[in-house]
Amino acid sequence: MSNADIRRLDREIRQTAKKLEAVRRGELWPLNGRERRAMARAVAGGAYRVVRGRSAGRTEQRIESTGSAAEMRLTAELNALHGERQRLITEAARTKAAKKSSGWW
1 MSNADIRRLD REIRQTAKKL EAVRRGELWP LNGRERRAMA RAVAGGAYRV
51 VRGRSAGRTE QRIESTGSAA EMRLTAELNA LHGERQRLIT EAARTKAAKK
101 SSGWW
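Okay, here's the thing in structure tokens:
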């Protein structure tokens, strides 16, 4: 594999790490569409309950669980990217060693 593939993965790893940190800070921009809709439903439902004079306890729980799900998704994505990067590096090293031992170098 080429260095360009590894650089591309490094860039994706950096972007995913930024998204993960943003989710941990409570920012909404890294959420995917499904998570954004769930968050919007929770906030709208909570606002409705508060206006009606009821507790918004479950709403806070839904918002927290949506953020937690987004954090887990991004963590899994980051782990997969790290694994793919390691696979590419190992494959490149094997190819280089094979070329060197066969006299191609």
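Sequential numbering of the sequence shown, starting at 1, is according to our numbering. Even for Gly, the Cβ is constructed at its ideal location relative to N, Cα and C.
Let me make sure I understand the geometry here. Which of the options has the alpha-carbon closest to that of residue i?
i: Gly17; options: Arg73, Ala97, Ser65 and Arg34; result: For the record, residue 17 in the displayed sequence is Ala; it is not Gly. Of the candidates Arg73, Ala97, Ser65 and Arg34, the one whose C-alpha sits nearest the C-alpha of Ala17 is Arg73.
i: Arg24; options: Glu64, Lys96 and Ala47; result: Glu64
i: Ala69; options: Gly33, Ser102 and Ala47; result: Gly33
Might you give, ordered along the chain, the residues of its own chain that have their beta carbon closer than 7 angstroms to the beta carbon of residue i, omitting 5 neighbours on each side?
i: Glu12; result: Leu81
i: Gly45; result: Thr59
i: Thr75; result: Leu20
i: Thr66; result: Glu35, Ala38, Met39 and Ala42
Since residue i contacts residue j with CB under 8 angstroms, what's their CB separation in whole angstroms?
i: Asp5; j: Leu88; result: 6 angstroms
i: Pro30; j: Ala22; result: 5 angstroms
If we cut at 8 angstroms on Cβ distances, does residue i have a partner in chain D?
i: Glu84; result: Among the chains of the structure shown, chain D does not appear; only one protein chain is present.
Quick one: complete alpha helix (DSSP H) runs, 4+ long, within the region 9-69?
-> DSSP runs (the alpha helix (DSSP H)) wholly in the region 9-69: 33-51.
With a cut-off of 8 angstroms, do at least 3 Cβ pairs link the region 49-60 to the region 83-103?
-> With the cut-off at 8 angstroms, the region 49-60 and the region 83-103 do not touch.
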